[in-house]
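The structure appears right after this line, and notes come after that.
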Ligand code: MFK
């Protein structure tokens with residue numbers, strides 16, 4: 001007989017507490033805890049509980065059960081798809097051992113720093129104790145360590161060293177992928193640093209940006225610079241052509257002084273920036289619209305008096321997430337700068353930066369999904385409910401499996417874009433590759449941004465209430481995911497960018513899309529287990545082709561209404577083809593096949609589905625507006 005049941009029998013025999021037999025053990029514990037409070041009379045049984053060493057709630061009053069936390073393990077070793085993808089495409093021992101060692105460092109060291117960045121957010125000190133304006137952005141020591149680590153690990157440099165030729169971007173982005181969720185958002189300055197290096201490289205590495213380029217791409221922490229990208233002004237971040245008020249006043253020495261107000265400048269502690277401004281002519285006049293915008297390079301430095309030269313930091317942004325990172329409003333008050341694009345070619349020149357930062361954004365999105373799936377999967381092996389571990393509840397596992405499928409799709413889509421970028425940069429890209437890169441960059445950004453919010457939100461739910469508790473570190477994942485669909489172009493702006501590149505290429509980007517997707521399917525045609533998926537993607541491609549043919553004959557507003565669904569269709573179809581392709585690899589696992597099949601069960605071509613319902617017909621726009629603004633008349 002256990003001590004507990006012996007006790008119960010004794011009490012019942014004494015007639016003192018008959019009803020206890022029906023009371024669940026947990027309530028008995030609560031009762032005995034009350035008895036143990038200092039001012040309460042001690043019960044006669046208590047010495048016996050103490051003797052047995054079985055006196056729960058006697059001190060802490062919180063019970064003995066403590067839920068085990070989810071454990072972050074080496075994110076490289078834990079990621080079967082990442083390792084499989086690299087084994088297939090980049091089977092280099094050096095890359096594997098570097099990623100493995102970095103994964104170890106992320107789990108055992110860097111993740112803590114990321115947490116420190118979150119709980120020690122940057123703050124702005126406007127004045128020194130004697131009243132002198134200094135505008136110091138004070139960041140945590142962890143944030144500074146992230147900068148050194150980024151240089152040492154070559155998180156930007158790898159993309160420019162090109163040690164692995166056309167696969168160098170895949171290698172670089174794999175590192176960023178395992179780093180991102182532990183990075184305390186340091187991936188944001190790295191994205192812009194990478195984008196700035198890319199812009200400089202495409203313009204030409206010469207004065208005045210040669211020194212900057214070497215610092216952006218170095219592995220030496222003491223030389224490493226990060227860059228900002230100051231584009232958004234008070235009128236907004238999407239319509240840059242109309243919204244940019246900053247003017248560039250030419251100086252006698254050929255440089256410029258910038259005057260303007262930048263409304264969202266991320267990672268404001270950067271060492272330099274690329275920014276847009278309107279060049280003034282001799283009379284001070286500027287050209288309106290995008291045609292008046294040029295691209296400028298400026299260093300962020302301080303004078304001997306400690307003040308920022310030509311910049312005032314108005315305030316730090318109070319953001320939903322990404323609080324680890326300083327985002328500020330800046331008054332440019334005569335900031336010295338150099339024009340690095342041709343006059344009026346600012347938007348086209350900064351587009352290279354947008355391509356890079358949008359790919360980084362997509363890496364962060366896929367990485368956020370992967371992280372929450374890893375943690376939720378680990379937690380399911382530690383958490384018991386309704387008599388068994390969560391992992392033994394089929395419905396729970398179905399939910400995690402769906403998250404896994406989304407994560408796999410996002411990963412393959414973004415890695416394929418990195419593959420294309422690497423090919424372009426190493427000079428081996430075909431025309432088809434170049435078209436695909438242009439089309440898929442907005443597609444991957446907009447699709448993974450949305451997926452990340454959904455998957456991370458679902459992931460939090462899989463922890464129950466603990467997913468909602470700040471110091472677990474989990475809510476921060478969701479807050480930080482929300483920026484991914486906003487930053488660097490919203491879903492709708494990027495959907496319109498898809499239309500832009502279709503129109504500007506006279507449809508060649510779509511031709512490349514169909515050709516490559518078909519070739520991916522062709523490689524899997526002999527794998528019978530994949531045939532339902534192949535059939536589904538094939539059918540979706542036909543539907544998409546039909547849509548394009550019909551849309552080409554309709555009024556311009558038709559395509560605009562369809563833009564978002566079109567972009568989603570491109571993402572789902574292409575991702576389906578990539579999952580199929582990966583699953584047809586000779587070393588693929590049954591999970592690779594299963595995820596391809598599952599992915600392809602969804603509506604792969606929503607633009608066709610919605611078209612059949614008349615959702616883009618001319619009557620739709622006024623009906624949508626009427627629905628949004630419907631107000632019942634009184635009574
Ligand atoms: C993690 C930190 C988070 C902190 C919180 C952040 C909150 C949000 C803060 C922000 O605001 S982030 C800023 C987000 N803004 C953007 O990403 C810009 C979004 N807007 C666009 O992308 C617009 O489409 C764009 C500004 C590019 C439209 O400008 P235009 O001038 O109307 O474009 P236009 O005339 O179609 O194209 C001009 C040239 O650029 C053309 O070249 P050409 O003259 O040679 O033909 C285009 O081909 C080229 N171009 C435009 N987009 C391109 C591109 N080239 C390549 N790729 C692209 N995506």
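Numbering (UniProt numbering), first residue to last: 1 to 635. For each residue, glycine too, the CB sits at the ideal point set by N, CA and C. From a predicted model like this one, the values you see are computed outputs, not experimental measurements.
message: Tell me the DSSP secondary structure of residue 198 in three-state form.
response: As a working mapping, residue 198 is identified with position 198 in the chain shown. In the structure shown, residue 198 sits in a helix (DSSP, three-state: H, G or I).
message: Looking at the ligand MFK, does it come within less than 8 angstroms of residue 325, judged from the CB to the closest heavy atom?
response: As a first step, residue 325 is located in the chain shown; it is residue number 325 there, counting from the start. Yes, since a heavy atom of the ligand MFK falls inside the 8 angstroms radius drawn around the Cβ of residue 325.
- prompt: Does the distance from the CB of residue 459 to the CB of residue 403 come in under 9 angstroms?
  reply: Counting from 1 along the chain shown, the entry for residue 459 is found at position 459. Counting from 1 along the chain shown, the entry for residue 403 is found at position 403. Yes, they are a contact pair.
Where residue 319 sits in the DSSP three-state scheme: Sequence index remark: in the chain shown, residue 319 carries index 319 (1-based). It is coil, neither helix nor strand.
message: With H, G and I counted as helix, E and B as strand and the rest as coil, what does DSSP make of residue 66?
response: Position 66 of the chain shown, counted from the first residue, corresponds to residue 66. Residue state, collapsed to three classes: coil.
- prompt: Counting Cβ pairs closer than 8 angstroms, one from the stretch 277 to 290 and one from the stretch 319 to 326, do we hit at least three?
  reply: no
message: Could you tell me the alpha carbon to alpha carbon distance between residue 27 and residue 74, rounded to whole angstroms?
response: Along the chain shown, one-based indexing puts residue 27 at 27. Along the chain shown, one-based indexing puts residue 74 at 74. In this prediction, residue 27 has a pLDDT of 33, which is less than 50 and means its spatial position is unreliable; what the coordinates show is noted afterwards. C-alpha separation (whole angstroms): 41 angstroms.
message: Tell me the DSSP secondary structure of residue 333 in three-state form.
response: Taking the first residue of the chain shown as position 1, residue 333 is located at position 333. Strand at residue 333.
task: Specify, as a first and last residue, the run of the alpha helix (DSSP H) that residue 143 falls within.
output: Position 143 of the chain shown, counted from the start, is the residue given in the question as residue 143. Boundaries of the alpha helix (DSSP H) around residue 143: 141 to 152.
message: Tell me which residues share the same chain as residue 299 and place their Cβ nearer than 6 angstroms to its Cβ, disregarding the 5 neighbours each side in the sequence.
response: Residue 299 sits at position 299 when you count from the first residue of the chain shown. Cβ within range, chain order: 272.
query: Can the beta-carbon of residue 345 be found less than 9 angstroms from the beta-carbon of residue 274?
result: Taking the first residue of the chain shown as 1, we reach residue 345 at position 345. Taking the first residue of the chain shown as 1, we reach residue 274 at position 274. No; because the gap between Cβ atoms is not below 9 angstroms, this pair is not in contact.
message: Let me confirm a value: residue 586 is counted as buried when at least 16 other C-beta atoms fall within 10 Å, else exposed. Which label applies?
response: One-based indexing of the chain shown puts residue 586 at position 586. Its Cβ having fewer than 16 others within 10 Å, residue 586 is exposed.
- prompt: residue 167 bridges to which residues according to DSSP?
  reply: Sequence index remark: in the chain shown, residue 167 carries index 167 (1-based). Bridge partners of residue 167: none, in fact.
message: List, from N- to C-terminal side, the alpha helix (DSSP H) runs of 4 residues or more that fit wholly inside the stretch 365 to 439.
response: 394 to 425
- request: Starting from the Cα of residue 85, find the closest Cα among 122, 494, 408, 303 and give me that residue.
  value: Counting from one through the chain shown, the residue named residue 85 turns up at place 85. Among 122, 494, 408, 303, the Cα nearest to that of residue 85 belongs to 408.
- request: Using 10 angstroms around the beta-carbon of residue 516, count the other beta-carbons present and answer buried if the total reaches 16, otherwise exposed.
  value: In the chain shown, the residue the question calls residue 516 occupies position 516. Classification for residue 516: buried.
query: Mind checking whether residue 436 and residue 512 have CB atoms under 9 angstroms apart?
result: Here residue 436 refers to the residue found at position 436 when the chain shown is read from its first residue. Here residue 512 refers to the residue found at position 512 when the chain shown is read from its first residue. Contact flag set, yes.
message: According to DSSP, simplified to helix, strand and coil, what is residue 619?
response: Residue numbering aside, residue 619 sits at position 619 when the chain shown is read from its first letter. Three-state result, residue 619: coil.
message: Considering just the uninterrupted stretch of the beta strand (DSSP E) at residue 250, what are its terminal residues?
response: Locating residue 250 in the chain shown gives position 250, counting from the first residue. Residues 247 to 250.
query: Given that a residue counts as buried once 16 or more other Cβ atoms are within 10 Å of its Cβ, and exposed if not, what is residue 388?
result: Taking the first residue of the chain shown as 1, we reach residue 388 at position 388. The residue is exposed, with fewer than 16 neighbouring Cβ atoms inside 10 Å.
message: Under 8 angstroms: does the beta carbon of residue 384 sit that close to some heavy atom of the ligand MFK?
response: Within the chain shown, numbered from 1, the residue matching residue 384 stands at position 384. For residue 384, the Cβ stays outside the 8 angstroms cut-off from all heavy atoms of the ligand MFK.
- request: Give the straight-line distance between the Cα atoms of residue 261 and residue 233, rounded to the nearest whole angstrom.
  value: Taking the first residue of the chain shown as position 1, residue 261 is located at position 261. Taking the first residue of the chain shown as position 1, residue 233 is located at position 233. Cα to Cα, the separation comes out at about 6 angstroms.
message: The beta strand (DSSP E) that contains residue 114, what's its start and end?
response: As a position in the chain shown, residue 114 is number 114, starting the count at 1. Unbroken run through residue 114 is the alpha helix (DSSP H), 111 to 119; no beta strand (DSSP E).
- request: Out of 504, 378, 361, state which residue places its alpha-carbon closest to the alpha-carbon of residue 441.
  value: The residue you call residue 441 lines up with position 441 of the chain shown. Per the C-alpha coordinates, the member of 504, 378, 361 positioned closest to residue 441 is 361.
- prompt: For the beta strand (DSSP E) that residue 263 lies in, which residues bound it at each end?
  reply: In the chain shown, counting from the first residue as 1, residue 263 sits at position 263. Unbroken beta strand (DSSP E) run through residue 263: 256 to 266.
- prompt: For residue 441, which three-state DSSP category applies?
  reply: Here residue 441 corresponds to residue number 441 of the chain shown, with the count starting at 1. Reduced to three states, the DSSP call for residue 441 is helix.
query: Among the residues of its own chain, which have a CB less than 6 angstroms from the CB of residue 191, if the five just before and after it don't count?
result: Position 191 of the chain shown, counting from 1, holds the residue named residue 191. Cβ within range, chain order: 357, 360.
- request: Taking only heavy atoms of the ligand MFK into account, decide whether any of them is closer than 8 angstroms to the Cβ of residue 228.
  value: As a working mapping, residue 228 is identified with position 228 in the chain shown. It does not: the Cβ of residue 228 is nowhere closer than 8 angstroms to a heavy atom of the ligand MFK.
field: Bounding residues of the alpha helix (DSSP H) (the contiguous stretch that carries residue 297)
entry: Here the question's residue 297 lines up with position 297 in the chain shown. It is not in any alpha helix (DSSP H) - residue 297 instead sits in the beta strand (DSSP E) that spans 293 to 299.
- request: Assign residue 562 to one of two classes, buried (16 or more other C-beta atoms within 10 Å of its C-beta) or exposed (fewer than that).
  value: Counted from its first residue, the chain shown places residue 562 at position 562. Residue 562 should be labelled buried.
message: Along the chain, where does the beta strand (DSSP E) containing residue 277 start, and where does it finish?
response: Here residue 277 refers to the residue found at position 277 when the chain shown is read from its first residue. Start and end: 272 to 279.
message: Need the endpoints of the beta strand (DSSP E) that residue 126 sits in, please.
response: For this step, residue 126 is matched to residue 126 along the chain shown. That run of the beta strand (DSSP E) goes 123 to 127.
- request: Confirm the yes/no value for this check: CB of residue 599, any heavy atom of the ligand MFK, distance under 8 angstroms.
  value: Residue mapping note: residue 599 aligns to position 599 of the chain shown, counting from 1. Checking the Cβ of residue 599 against the ligand MFK gives no.
Exposed unless 16 or more other CB atoms sit within 10 angstroms - verdict on residue 622: On the chain shown, residue 622 is found 622 positions in, with the first residue counted as 1. Only exposed fits residue 622, as fewer than 16 other CB atoms lie within 10 angstroms of its CB.
- request: In the DSSP assignment, find the unbroken beta strand (DSSP E) run with residue 136 in it and report its ends.
  value: Counting from 1 along the chain shown, the entry for residue 136 is found at position 136. 133 to 138 is the span of the beta strand (DSSP E), which, as asked, contains residue 136.
- request: Rank 129, 438, 306, 425 by C-alpha distance to the C-alpha of residue 162 and give the top, closest one.
  value: In the chain shown, the residue the question calls residue 162 occupies position 162. Closest option to residue 162, Cα to Cα, is 425.
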